[in-house]
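Worksheet: one structure, shown below.
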Amino acid sequence: MKSKIEGKLFNNILDIVKQIPKGKVATYGQIATIAGTQNPRLVGFALATLKEDTEIPWFRVINSKGKISFPEQSDGFKIQYSLLQNEGILFDAKNRINLKQYGWKSF
DNA sequence: GGCTTGACTTACA
DNA sequence: CTGTAAGCCAAGC
280 MKSKIEGKLF NNILDIVKQI PKGKVATYGQ IATIAGTQNP RLVGFALATL
330 KEDTEIPWFR VINSKGKISF PEQSDGFKIQ YSLLQNEGIL FDAKNRINLK
380 QYGWKSF
């Protein structure tokens, strides 16, 4: 057992992402701020280190532009796209999510 | 133990 | 609208 947690902010980020309600999405900056860090990259990094069997809804995390962070040709994009639609979230003509409607509000 | 990269954001020109 | 620069934390080598 490790007496030290592997990055307190890191653990915080994952915990916050798990708290995103269904049908809502949150931006990296939003999560980073709530987690207590000024580095949104850690949010992406935290999600990048997740396992396949993770229970964390990483697909509900998008960038400030309201778009998926993956290239449209990437499989990750397709997967996240499908999962979000499955949650009831739709995209506009520019493949962007309407944060005004689906944006997650802080607790 | 030090440097580079990374699913990013915000500000300015 | 696009492009460049700085900020900041953790993992990998």
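Residue 301 in the numbering used here sits at position 22 of the first sequence, and the numbers go up by one each step. The beta-carbon is built from N, C-alpha and C at its ideal position, and this holds for glycine as well.
Inset, instruction - For Ile368, name the three-state secondary structure that DSSP assigns. - result: Position 89 of the first sequence holds residue 368. Coil.
Inset, instruction - Pull up the distance between the alpha-carbon of Leu362 and that of Lys303, whole angstroms please. - result: As a working note, residue 362 is residue 83 in the first sequence. As a working note, residue 303 is residue 24 in the first sequence. Taking the straight line from one Cα to the other gives about 12 Å.
Legend entry - Paired residues, beta bridge with Ala305 - DSSP: Position 26 of the first sequence, counted from the first residue, corresponds to residue 305. Note: Ala305 sits in a beta bridge opposite Val340.
Legend entry - Reduced DSSP secondary structure (H/G/I, E/B, other) of Ile347: Position 68 of the first sequence holds residue 347. Ile347 falls in the coil class under three-state DSSP.
Inset, instruction - Please determine if the region 296-310 and the region 335-342 are in contact, where contact requires at least 3 C-beta pairs separated by less than 8 Å. - result: yes
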